[in-house]
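Peer 1:
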Amino acid sequence: MRRHWFIYLILIFSLILNLYGIKWGLPDKDHLHPSFHPDETSSVESSLSILSSNRFLYPSPTALGNGAMQFYIVALIYKIGQAFGLLKLSPGNAQDLNKLYLIGRFVTLIMSALMIFFFFQAIKMIFGVNTALLASFLLSALPGIVISSQYFRSEIPALFWIVLAFYFMTKIVQTKNSKFYLLAGMSVGFATSTKYNSLVIIILLIVAHILSLAKKERSLKRYFLDKKLIYSFLTIALTFIIGSPGILLYPGEFKERLFKQIFYYQKGVVIESTGMGPGWLGYFTQVLPYSLTLPIQVLSIIGLIWAFLKHRRWEIFLAIWTILYYLAMSNANYWLVRYTIPLLPALSGIIAHFIIDAPKQKSLKKFFLITGLVVALIATTCSLLLDSVRAAKDPRHIAYDWVRENIPANKKIGIELTPASFYNLAEDNENQTIAVHSGKSGIQLIFQNRLEDFNNKYQSVVMGLSDKMLSQIDYYIANDQIYQHYLRVPHLFPVESRYFGKIFYSGLFTKIAEFENPIKLFNWRLPKGYPPHDYRYFLPTITIYQRVATDSLK
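Numbers given in the numbering used here equal positions in the sequence shown, counted from 1, plus 1408.
1. Quick check: the Cα distance between PHE1414 and LEU1755, rounded to an integer number of angstroms?
2. So, PHE1598 versus THR1647, is the Cβ gap smaller than 8 Å?
3. Who pairs with ASP1436 in a beta bridge, going by DSSP?
4. Less than 8 Å separating the beta-carbons of ARG1955 and ILE1885?
5. Is the distance from the Cβ of VAL1571 to the Cβ of PRO1703 below 8 Å?
6. Are at least three pairs of beta-carbons, each pair with one atom in the stretch 1755 to 1765 and one in the stretch 1531 to 1544, less than 8 Å apart?
7. Just to confirm the assignment, what range does the beta strand (DSSP E) spanning PHE1901 have?
8. Does the Cβ-Cβ distance between TRP1432 and ALA1807 come in under 8 Å?
9. Helix, strand or coil for ARG1720? Go by DSSP, reduced to three states.
10. List the residues that DSSP assigns as beta-bridge partners of GLN1478.
11. First and last residue of the beta strand (DSSP E) that includes THR1701?
12. With 16 as the cutoff for other CB atoms within 10 Å, does PRO1940 come out buried or exposed?
13. Between GLY1475 and SER1595, how many whole angstroms is the CB-CB distance? I'm expecting something under 8 Å.
14. Just to confirm my understanding: we take ASP1836, look at its own chain, exclude 5 residues before and 5 after, and list those with CB closer than 6 Å. What are they?
15. Would you decide whether SER1771 is buried or exposed? Buried here means 16 or more other CB atoms lie within 10 Å of its CB.
16. Could you pull out every residue in the same chain whose Cβ sits closer than 6 Å to the Cβ of LYS1584, ignoring the five residues on either side in sequence?
17. So what's ILE1749 in DSSP terms, helix, strand or just coil?
18. Should LYS1848 be labelled buried (16 or more other beta-carbon atoms within 10 Å of its own) or exposed?
19. Which complete alpha helix (DSSP H) runs does the stretch 1487 to 1560 hold, if anything under 4 residues is left out?
20. Is it right to say GLN1529 is buried, meaning 16 or more other beta carbons lie within 10 angstroms of its own, or is it exposed?
21. Hey, how far is the Cα of PHE1588 from the Cα of TRP1569?
22. By how many angstroms is the C-alpha of GLU1924 removed from the C-alpha of ASP1875?
23. Residues in the same chain with beta-carbon distance under 7 Å from SER1562, minus the five sequence neighbours each way, listed in chain order, please.
24. Check for me: the alpha helix (DSSP H) holding ASN1426 runs from which residue to which?
25. How is ILE1709 classed by DSSP in three states: helix, strand or coil?
26. Taking ALA1784 as part of the alpha helix (DSSP H), name the residues at either end of that continuous run.
27. Determine, using beta carbons only, whether ALA1760 comes closer than 8 Å to chain C.
28. How would you call GLY1654, buried or exposed, if buried means at least 16 neighbouring beta carbons within 10 angstroms?
29. Hey, ARG1804 and PHE1421 are a contact pair by Cβ (cut 8 Å); roughly how many whole angstroms apart?
30. Suppose the cutoff is 6 Å on Cβ atoms and the five residues either side in sequence are ignored; what does the same chain contact list for ASP1504 look like?
31. How far does the beta strand (DSSP E) with GLN1954 in it reach, from first residue to last?
32. Where does the unbroken beta strand (DSSP E) through THR1918 begin, and where does it stop?
33. The beta strand (DSSP E) spanning ALA1886 covers which residue range?
34. Would you identify the three-state DSSP class for TRP1743, choosing helix, strand or coil?
35. Taking the alpha carbon of GLN1582 as the reference point, which residue from PHE1535, ALA1543 and ILE1713 has its own alpha carbon closest?
36. Between LEU1547 and the rest of its own chain, which residues show a CB-CB distance below 8 Å, the 5 nearest in sequence each way excluded?
Listed below in structure tokens is the structure:
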């Protein structure tokens, strides 16, 4: 077998990793709720809205504020499924609802595999087949890639277009052919229309253009005003509009939504990052170890230093790619694994190139290669462990079933609406529920044949954290995704930490049940630690408390 055919084994390996656990967080016949990843419901809503005759060019505020192209792709598949009678666009049960989520997830999964294929082709072109195989294996095994490839979100689709643009940029440097300028521009445009911050890669297009010029051709005019580069920029603008046509018809709202996203990105609405230091440090210490694994993070630092010392064109190109996205990412007070996604191909390429090219002695080459394979296997193990947690029955479902069987009827139960916890308890006729709203935004819920604003539907039962609320409930169901950080930095959240403290520590409530899916390696239970916000969606600890005292709570 020729070596480059191993890429197909890597693609199969990637698909298996990504398929395992792909049904996480979805409803079933006993638990009708939106995905436990709250952003996926906005994605489904946006894709369904495109099929409405009056919403085609403006599917949703989410699409206008972030990028719409992925929603158009999924909407087309929805329409084809409906035409063949395979899909109902007004889900009335868990099976129909699951299909809407799974179609979006499978599109993400396929684009992830295609991304790895084009990444292999690009790295093979500049560093050779051995480096390309190792880099592709590393990239496909990274937990950040595996977990993000299982969601109906825009990060992996945007990364596909970014990597495709990178592939065409390598062609630009090698051939200087005008068609690759246009194809690279098309890819950058579609990446940007999928996720707006992908426009950062336009700087890499300029770098690739500069690298394609012979020394005698280099000048400021040729750097930025070359005809082929200008045509590429025009292609970016055209394909961006094709992918997000609503920006032309609704420029005012587009501007408003865009600046709102930038404000959120800089100020942060994810409480886990509040009070935890600057973004550049937080991403390095709190997020990248979960996205890369710690051994690969260490290797990436060594590889980056080596790349700068070598200062050859493609090493510098990948280093610039890394720095660009790290600066953009670390500007945020919004720490999420998914924001590290654009870094991962560049780092995988640098690490693989360092492992294959740095050692000169035969014995060192073997040692470096074994090291590379070991860290790739460590990443694979971490991804499989996280997949095994996601493939198991969710603690929220287990806890819900326990509540139905063990808590008497007509008892008042305090629950959290955000993050997704126990939506359907509010529909439960056997329990009178007080819903404790502990988030900053409403939740779009797909329920009973229509899209509804959850807060509007249940406005009568939504209460804030208060002494009155605590005095009325008989039980409280806690999800540590929210309260853990309140109690970690109580000086920043004095009100929330006070009320959660009363539930946990005052003696008025006692813990009667706890449910979680621990991360286990064989029989060894690994510490959960304090994972980033978007990992906490699938690593919740659900604890049920019962009132045992009636003293004043003031």
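Using N, Cα and C, we set each Cβ at its ideal position, and we do this for glycine too.
Peer 2: Reading from the atomic positions:
1. Their Cα atoms are separated by approximately 21 Å.
2. Yes, they are a contact pair.
3. HIS1439
4. With contacts defined by Cβ atoms closer than 8 Å, ARG1955 and ILE1885 do not form a contacting pair.
5. no
6. yes
7. Unbroken run through PHE1901: none, as it is neither H nor E.
8. With contacts defined by Cβ atoms closer than 8 Å, TRP1432 and ALA1807 do not form a contacting pair.
9. coil
10. Answer is none; GLN1478 lacks a bridge partner.
11. Careful: THR1701 lies outside any beta strand (DSSP E) and carries neither H nor E.
12. Here PRO1940 is buried. Its C-beta has 16 or more other C-beta atoms within 10 Å.
13. Contact flag wrong, Cβ pair sits at about 14 Å.
14. Bear in mind that a pLDDT of 49 at ASP1836, under 50, signals an unreliable position, so the number given afterwards is only what the model happens to contain. Excluding sequence neighbours, ASP1836 sits near nothing in its chain.
15. exposed
16. SER1620
17. coil
18. With a pLDDT of only 36 at LYS1848, under 50, the local geometry of the prediction cannot be trusted, and no value is derived from it.
19. Runs of the alpha helix (DSSP H) inside the stretch 1487 to 1560: 1502 to 1535, 1537 to 1549 and 1551 to 1556.
20. buried
21. 14 Å
22. 29 Å
23. Excluding positions up to five away in sequence, the list reads ASN1474, GLY1475, GLN1478, THR1602 and LYS1603.
24. 1414 to 1427
25. helix
26. 1770 to 1799
27. In the structure shown, chain C cannot be found, because there is only a single protein chain.
28. buried
29. Contact flag wrong, Cβ pair sits at about 31 Å.
30. LYS1496
31. 1950 to 1955
32. 1917 to 1923
33. 1883 to 1887
34. coil
35. Looking at the Cα atoms, PHE1535 is the closest of the given residues.
36. ILE1524, PHE1527, ILE1553, LEU1752, PRO1753 and SER1756
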